[in-house]
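Undergrad: After the structure tokens below, expect a handful of questions from me.
Protein chains: 2
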Amino acid sequence: MTHDNAVAVTVHPAWLPDAALAPLRELPSAVLGSGPCLDTARAELGASPSASTADAALVVAAVSDVGSPASVGLTQLPEVPAGGHAIVRTADRTVVLGADGPAALRGLYAVVREVAVARLSGVAPGPGTVLSAPEQPLRMLDHWDNVAVHPVMGQVERGYSGGSIFYADGEVRADLTRVRDYARLLAATGVEAVGINNVNVHAREARLLTDGLGDVARIADVFRGYGIRIFLSVSFASPRLLGGLDSADPLDPDVAAWWASAADRVYAAVPDFGGFLVKADSEGQPGPFAYGRSHADGANMLAAALRPHGGTVLWRAFVYNHRQDWRDRRTDRARAAYDHFAPLDGTFDDNVVLQVKHGPMDFQVREPLSPVLAAMPRTRLALELQVTQEYTGQQRHVCYLAPAWREYLGFRLDGARSVASIVAGAGGGGAPAGGVAAVSNVGDDEFWTGHPLAQANLYAFGRLAWDSTLTAEDVLDEWIALTFAGAAGPDLARVRPALHEVMDGSCQRYEGYTAPLGVGFMVTPGTHGGPSVDGYEYSPWGTYHFADRDGIGVDRSSATGTGFAGQFPSPWRETYESVETCPDELLLFFHHVPYSHVLGSGKTVVQHIYDSRADAVEGLGGVEAAWESLADLVGSAVPVAFDARVRERLDGQRASAVEWRDQVRSYFWRKSGVKDASGRVVY
Amino acid sequence: MTHDNAVAVTVHPAWLPDAALAPLRELPSAVLGSGPCLDTARAELGASPSASTADAALVVAAVSDVGSPASVGLTQLPEVPAGGHAIVRTADRTVVLGADGPAALRGLYAVVREVAVARLSGVAPGPGTVLSAPEQPLRMLDHWDNVAVHPVMGQVERGYSGGSIFYADGEVRADLTRVRDYARLLAATGVEAVGINNVNVHAREARLLTDGLGDVARIADVFRGYGIRIFLSVSFASPRLLGGLDSADPLDPDVAAWWASAADRVYAAVPDFGGFLVKADSEGQPGPFAYGRSHADGANMLAAALRPHGGTVLWRAFVYNHRQDWRDRRTDRARAAYDHFAPLDGTFDDNVVLQVKHGPMDFQVREPLSPVLAAMPRTRLALELQVTQEYTGQQRHVCYLAPAWREYLGFRLDGARSVASIVAGAGGGGAPAGGVAAVSNVGDDEFWTGHPLAQANLYAFGRLAWDSTLTAEDVLDEWIALTFAGAAGPDLARVRPALHEVMDGSCQRYEGYTAPLGVGFMVTPGTHGGPSVDGYEYSPWGTYHFADRDGIGVDRSSATGTGFAGQFPSPWRETYESVETCPDELLLFFHHVPYSHVLGSGKTVVQHIYDSRADAVEGLGGVEAAWESLADLVGSAVPVAFDARVRERLDGQRASAVEWRDQVRSYFWRKSGVKDASGRVVY
């Protein structure tokens, strides 16, 4: 397969099919002003540059381009919020006013969404004004894409959707059509930034910063038309690797000068460049520790290079010892980010954002929130999520992640402030906003995301980054309304409940047949796909469950364990500290308990393990039946290829889930010797 | 590194250093006759083609080239055994008479060995005649070398000694100097055949049979000078892959004709070609099952193609279901070869040799012998050993395999006939001899074998294939005497006991800290290096230990288990059937027993697991001390680079052995809950 040829008519339109745009394209419309995003809006509507607002039923504009209210057919102009948009509906027209060109384009896509949702719900939006402001200023997708195929990690690290849409054959693609289509999809969700290369920066990828700038600029040009800035992942060792210096010491003036010069060159090529994304001193990547410097020293040096241009450093907090000794139960990977970074609060410059994974481990389906998010009030923080399903089914299992993300964003870490408010800079500590970032799940797959239903995760990320108060169910409704906008009304009314049946509880179901009660991992080493209960148990990676014949779990209490629970503010510190108050779903994350420990459900831990694995697999029957119920719509509401791919994935999910169920059940039966009270077969 | 440049002065001479040849090169010598091997012998001695036997103290000849006894200075000619040689020592001369040119050359190397050993023992050979005949007609090394680097398995599958000496950069090497050096080393051990490519035949390698024949002929030319034939591993699907046919059905006349024609072309290029080595219907390789045909159908069809040229089919018996369900305890991989092949006894043509791995599983450090070897009296059988240390330390651990091989060869499978006698055709069932084959451990490493001491395994294989009655200790003495022929006498006297200390018990020591009591595996999936107790426990590969909280082991009895024990003839059938009579070292291979089961040593199984892992690691102290005792000889008797490599490997061995010890001990402590009575720390 040659990747560039994959830019073909067979690519699925995701949540922007022509049918979703058609109702607007039928209206007489006018787009005021010019600029990359306003030109895009005009093209989306097929509006003439000379169209008169007087005749238009749909007007799009950046508020700064609007002279008088009358010029857009209104009696007064609304207060357009920063970065956001207003949608004004009158008897004869809809006016979209953006804070700027990108915001106006996003506002147009908001109208597309509203029209589609109205068709689903049967409730059309009435006259009036709707203001919409983004909750997070940074709404970014990180691509773990390698330019050259990596011998172990492939082209897209933790990618399950084919090759990269950016790179092929060791180079940036000549044809960026798929990148433009992707930018369009993202703009419709509210995403405004993209990191275009893997945070593990290998030799070829490091050179994007220097001799690859021409190609980087081509990518930026595409994204610019959709209001999306680009970031580069850079190697902290670049001055040595690329600059011929013999050091990358952040306090070395030559090093700082090299970075300043590098930043100058980047901005000369990409004036609206976002900044650098850095994974330093993490899993083998170089960093300031090599020179006895702190992470603040490292980040601030890069920040200084970017400051003249308005750029930002996104510095990842994912720092831990990945050469840990499994024999040493005092070392706790969960503690590492806090131990490294909390003492540095207040020392990062104001164009540094510390990017913190949602949990203290690594994107498990169930973890507590990271206490780092509560511990650095004077630091700009960004929450990092993972859209690509590394540990949540690798796009072979349905796992709609929005419910989990919404829970993280709404979680009140100190009992008062939600995570969303903290990263939005409304946490009260004085630090400006950081934002939200996530690892993309997109590749050059015909359905973008391998599993067609995994498109909903990408969609939901952008929407929840914009507004974390949206419910996961409403976001799913939006995605259904847009994606199946071409379906006849009665068909759409059947697709909707079927997809809710398949997706609403999918994440809990996945949790149900995989690692129990928050203990995490139990995955095949390397690939992280499929079960291997002891796969990481005697490894240096710090991810253990400590199951023995009597019990299981990691004691992270302060009283007798690693003390991780004590990194949380009240009330969570106390809640997690005690076996009695720790939520059952996190019990084994915080405590080592006997198999006979009784959960809130009244079941013992081991019986819960037995039952939940089997119940979750049985639950797949409902999923399969729900999809099967749409069989007569295949070829009409549901494209044939879409259906075929979903079925193939559902088959694979069942096989994998059965394997999970049986391995986990057998493992604990062999270890505990406790019979399954349900009488189900244990192998 | 460019591989071809590795043909350099730094390559270690292994067991043929100049010092080993020097005593003979100092003598006036004559080599009678001509031919590739006699020319080689002449060159080895630096003898003039016109040298007169009258003046020679050393005469080498093929017996057919000798006119009268007087022409070689003897009063009568000895009866030279088929394939072997006679060494006649008189007062003034040594006469080497080979059954043919290759045998004469091997006889010359035997004299080299005798001279070196005499120096070690202080006992010079006296006058008289020594006759030496090979016990096995086939003494072959199989190379699992890929022409093109395989994305998963690399250049040499299960190779731990660098790249291939045959191939580099996807082609047969232009410079075959290392191949010639290798051929010379092999000739000195008695090896007479080499399979030059991997039994897993990938696309590039399959083409050696067709458009690669010119290169194959170049390799054959090199080996011919050392009396070594070459074999090709072929894909059973070749008629489809290479011939454009739409079938590889062995009963299809077009298929048979294609193979006959392919064989004609091979023999036109390589007149002394050995034949085909075939892995069929095994681990994904194609075979006759796809056409509903038997393995006899497949092998006999190839045999017919080779028969006009005198060639042989080596057909591997390593056939089993590698997609087994771990839940199904009735399916037993150990049974597979017998179940597939024993019913076919008597149906293979006489130029087919069935190549059988020594154990029923896969080259574990401890397995019973394969019952297939006793079950096919009317079939030519070859024993397959593994010199490359896939499961025995991967040339990072010292593991001198000769004691184990000698045990296999001498094992009396039906209480009377040894394995060596069965494969030598002296088993009484009427089948002619098969022989012995082994997977080579050689690569383009400067020491040939990664670990310098692993050279001794390669040496020992050839010697034991020639004569299985040699003791492992005597073979090690030979290897020491030759390898360190340049050492001063008193130094050599110190090297000898030090190396025996390091190597004699090394295989038992490795067994001691790895999988216990014959249960096998417990290795990291994929690489097979390092411990992972449950690594293959829930896999489709059929290699399980079934440890639970109460006990461990695989019930292969006929009474209650898979019935594998019943595949053996008496008395082993009865011996293995019963827990009481089964040897402890194979207990867990044949039986599932409680941890409290008491072994012959008086220890329980679990205490044995605890103690043996720790004892074996402690035993490494003696190994390290023995090597350290030679420190003052580094730079004289022991080359500096040789010492550095051995030390690096000993360090790595200790680290790996500690990991094995701790993981296995912790695993069984967690599972059994039984305290280690020795009081040693368990993590």
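Going line by line, the protein sequences match chains P and L.
Quick note: the first sequence uses numbering that gives the first Met the number 0, first residue 0, plus one each step.
Quick note: the second sequence uses numbering that gives the first Met the number 0, first residue 0, plus one each step.
Glycine residues also receive a C-beta, built at the ideal position from the N, C-alpha and C atoms.
Please report whether the beta-carbon of P/A546 lies at a distance below 8 Å from any beta-carbon of chain L.
TA: yes
Undergrad: Considering P/I229, what are the terminal residues of the beta strand (DSSP E) in which it resides?
TA: 228-232
Undergrad: List the DSSP bridge partners of P/G153.
TA: P/H149
Undergrad: Return the Cβ separation of L/H84 and L/V95 in integer angstroms, given the expectation that the two are a contact with Cβ distance under 8 Å.
TA: 6 Å
Undergrad: Count the other CB atoms within 10 Å of the CB of L/N320; is the residue buried (16 or more) or exposed (fewer)?
TA: The residue in question, L/N320, is exposed, as its Cβ has fewer than 16 Cβ neighbours within 10 Å.
Undergrad: Going by the DSSP bridge assignment, what does L/H84 pair with across the sheet?
TA: L/G97, L/S131
Undergrad: Whose C-beta lies closer than 7 Å to the C-beta of P/G461 among residues of the same chain, with five residues either side of it excluded?
TA: R138, L185, T188, G189, V190
Undergrad: Just verifying my parser: in three-state terms, what is the DSSP assignment at P/K674?
TA: DSSP places P/K674 in coil when its eight states are reduced to three.
Undergrad: For L/D696, tell me which candidate among L/T526, L/L301, L/D180, L/T391 has the shortest Cα-Cα distance.
TA: Not covered by the structure: residue 696 of chain L. The range shown for chain L is 0 to 682.
Undergrad: Pick helix, strand or coil for L/W659, following the three-state DSSP scheme.
TA: Residue state for L/W659 is assigned as helix, using DSSP reduced to three classes.
Undergrad: Along chain P, in chain order, which residues have C-beta atoms closer than 9 Å to that of L/D533?
TA: S531, V532, D533, G534, E536, Y666
Undergrad: Chain P beta carbons: is any one of them nearer than 8 Å to that of L/H2?
TA: Per-residue confidence for L/H2 stands at a pLDDT of 39, beneath the threshold of 50, marking its modelled position as unreliable; no derived number is given.
Undergrad: Closer than 7 Å by beta-carbon distance: list the chain L residues that pair up with P/Q662, in chain order.
TA: At a C-beta separation below 7 Å, P/Q662 has these neighbours in chain L: Y537.
Undergrad: Between the alpha carbons of P/V532 and P/F520, how many angstroms are there, rounded?
TA: The alpha-carbon atoms of P/V532 and P/F520 are separated by roughly 8 Å.
Undergrad: Applying the 10 Å Cβ sphere with the 16-neighbour rule, what's the burial state of P/S635?
TA: exposed
Undergrad: Chain L partners of P/Y682, CB-CB under 7 Å?
TA: The contacting residues are R326.
Undergrad: On the criterion of 16 or more Cβ atoms from any shown chain inside 10 Å, does P/E389 qualify as buried, or is it exposed?
TA: buried
Undergrad: My output table needs one value for P/E445: the three-state DSSP class, helix, strand or coil.
TA: coil
Undergrad: Could you give the first and the last residue of the continuous beta strand (DSSP E) run that contains P/M139?
TA: DSSP places P/M139 inside the beta strand (DSSP E), whose first and last residues are 137-141.
Undergrad: Can you tell me which of P/A289, P/V639, P/A219, P/A279 puts its alpha carbon nearest to the alpha carbon of P/S246?
TA: P/A289
Undergrad: DSSP state of L/I551, grouped into three classes?
TA: strand
Undergrad: Any residues in the region 620-648 of chain L with a beta carbon nearer than 9 Å to a beta carbon of chain P? Which ones, in chain order?
TA: none
Undergrad: Which residue from P/T89, P/G672, P/V146, P/F563 puts its Cα closest to that of P/M360?
TA: P/F563
Undergrad: Where does the unbroken alpha helix (DSSP H) through L/Q507 begin, and where does it stop?
TA: For L/Q507, the enclosing alpha helix (DSSP H) has its first and last residue at 505-512.
Undergrad: Please tell me whether L/S120 has its Cβ less than 8 Å away from any Cβ of chain P.
TA: No, because no Cβ of chain P sits closer than 8 Å to the Cβ of L/S120.
Undergrad: For a test of the three-state rule: what should DSSP assign to P/V116, helix, strand or coil?
TA: In the structure shown, P/V116 sits in a helix (DSSP, three-state: H, G or I).
Undergrad: From P/A60 to P/R332, what distance separates their C-alpha atoms?
TA: 50 Å
Undergrad: Can you pull the DSSP bridge partners for P/L380?
TA: P/L353
Undergrad: Residues in the same chain with beta-carbon distance under 6 Å from L/C36, minus the five sequence neighbours each way, listed in chain order, please.
TA: G100, P101, L104, G226
Undergrad: Look up L/D3 in the DSSP assignment and say whether it is helix, strand or coil.
TA: Unreliable positioning characterises L/D3 in this predicted model, as indicated by a pLDDT of 41, which lies under 50. A coordinate reading is not provided.
Undergrad: Using the DSSP secondary-structure output, state which residues sit across from P/L276 in a beta bridge.
TA: Its beta-bridge partners are P/S232, P/L313.
Undergrad: Take L/L130 and list the residues in its own chain whose beta-carbon comes closer than 6 Å to its own, dropping the five residues that flank it on each side.
TA: P80, A85
Undergrad: Out of P/G618, P/R653, P/V657, P/D413, which has the shortest C-alpha to C-alpha gap to P/E573?
TA: P/D413
Undergrad: Going by beta-carbon coordinates alone, are L/T9 and L/L31 separated by less than 8 Å?
TA: no
Undergrad: Which partner residues of L/Q385 appear in the DSSP bridge assignment?
TA: L/V438
Undergrad: Counting only Cβ pairs nearer than 8 Å, list the residues of chain P close to L/S163.
TA: Those within 8 Å of L/S163 in chain P number zero; the least Cβ separation is about 19 Å.
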